Amino acid sequence: MDKRSAKQFFIGAIYLIIFALLAYGIYAMFFKVVPTCTDSIQNGKEVGVDCGIQAGCEPCGEAIKPIDIISSQLIKVNEGDYDFVAQATNPNTELGSSRVDFDLVYKSSDGTEKISPDFFYIAPGQTKYIVRQRVQIEDIASVEIKIKNAAWSKLDIATEPVNFVVKKDYVVVNADGVHSQVLGTVYNPSNYDLSNVDVAVVLYGESNKIIAVNKTDIKTLNSQSERQFKVFWTKPFAGTYYRADVEVTTNLFDNSNFIKAHGSTEEFQRIYEKN
1 MDKRSAKQFF IGAIYLIIFA LLAYGIYAMF FKVVPTCTDS IQNGKEVGVD
51 CGIQAGCEPC GEAIKPIDII SSQLIKVNEG DYDFVAQATN PNTELGSSRV
101 DFDLVYKSSD GTEKISPDFF YIAPGQTKYI VRQRVQIEDI ASVEIKIKNA
151 AWSKLDIATE PVNFVVKKDY VVVNADGVHS QVLGTVYNPS NYDLSNVDVA
201 VVLYGESNKI IAVNKTDIKT LNSQSERQFK VFWTKPFAGT YYRADVEVTT
251 NLFDNSNFIK AHGSTEEFQR IYEKN
C-alpha cells in the first residue's frame, strides 16, 4: 500500500469512527432504554425483575406462592340455612394481602351452581378462618371455595406484629332464646390503637369436627387495653361440644385501621405492592 492509499484509509477510518460515535450518541440519547427498578423488566444488574441490591433496587424477595385452602365445611343451621367455614393458609413469609378475592360455589344435587363472590385479608405466613353465616340455599349438595386473585404486598411494621391475648369461656344458657354462648376478652399488647378487630369463633366436637361457627368484631381496641366480646347460638347443634377456638385478627394493610401509635413517631407501616 503506497502512502497515498494509506492516508486515504486512515482518513476513512477516522470518519467511520466519528460516524459510529455520533450514531451511538443519538441512540443512547433518544432510543436506548435505561434500566430502572420500576420497568417490570429484568435488566441491567438486576437479579430478578426490578430487584437486586447491585442494581440499586429493593432486595429480591421470595417467589409468590398461592393461597392454600386446607379445609372447608358447610354446617346446616336450619332447613335451607347454612354456615360456611374454611381455613386458608398463606405460605409466603414476606408477603400478605389486603384483599384475596374468591368465589363460593354452591352445587345442588341436580348440578346447578350458585356463585357468591367475597374476599378476605391475610397476613404473611398466617393461617386463618374464613367464616360466612346465613347462607340461604335449598337442596345444596356441596360447596367449593375458589381463589381468584390476591393483591400482594410486603409489609414493614415499625414494631412487632400485633399478637392479641384472648380469654374465652363457653357457656350453655338455655334461656331467653339463647342455647349457648362464648364470652371472652381481647387484649391489645401493641403500641397501636386499632379501629377494627375481627373475631372468629369455631366450636369443635369430640371427633375434632367443627360443629358450629360464629363471628363478631370489636370497634376501637386501644393500645394496652382490653375489650369484651360475645357470640351466641339460639339452637342446639349436632354433636357434643369439646372445645372453642377463638381467632382474633386485624387488617394490617388498611392504613385507616391504625388510629394512633404510642411511644413512636415512625410510620405505622410501609407497604410495597407486588403484582
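For the sequence shown, counting from 1, position 172 maps to 172 in the numbering used here; every step adds exactly one.
Every residue gets a Cβ at the ideal spot worked out from N, C-alpha and C, and that includes glycine.
Remember, it's a predicted structure, so these values are computed and weren't measured experimentally.
Check	Outcome
Straight-line Cα distance separating Ile122 from Gln136	26 angstroms
Host beta strand (DSSP E) of Pro117 (start-end)	Glu113 to Ile122
The region 136-156 / the region 185-203 touching (three or more Cβ pairs under 8 angstroms)	no
Alpha-carbon spacing of Asn214 relative to Gly56, whole angstroms	49 angstroms
Proximity of Ile115 and Asn90 at Cβ, strictly below 8 angstroms	no
Cβ shell of Ser97 (< 6 angstroms), same chain only, five flanking positions each side left out	Ile122, Ala150, Ala151 and Trp152
Which residues DSSP lists as bridging Leu194, in chain order	Leu221 and Phe258
Buried versus exposed, by CB contacts within 10 Å (16 or more), Val165	exposed
Neighbourhood of Ala212 by C-beta, 7 angstroms cutoff - its chain only, sequence neighbours within 5 removed	Ile75, Leu203, Trp233 and Phe237
Buried/exposed call for Asn188, threshold 16 Cβ in 10 Å	buried
Burial state of Thr220, where buried means 16 or more other Cβ atoms lie within 10 Å	exposed
For Phe19, three-class secondary structure by DSSP	helix
Cβ-based neighbour list, Val178, same chain, cut-off 6 angstroms, excluding 5 preceding and 5 following	Phe232
Minimum Cβ-Cβ distance from Thr93 to chain C less than 8 angstroms	The displayed structure is made up of one protein chain only, and chain C is not part of it.
Beta strand (DSSP E) segment containing Asp103, residue limits	Leu95 to Ser108
Per-residue DSSP class, three states only, for Ile64	coil
Residue closest to Lys65, alpha-carbon to alpha-carbon, out of Leu16, Gln224, Gly125 and Ile18	Gly125
Continuous beta strand (DSSP E) stretch holding Ser277: start and end	Outside the displayed span of the chain (1 to 275) sits residue 277, for which this structure offers no information.
Beta-carbon gap between Arg132 and Phe84 smaller than 8 angstroms	yes
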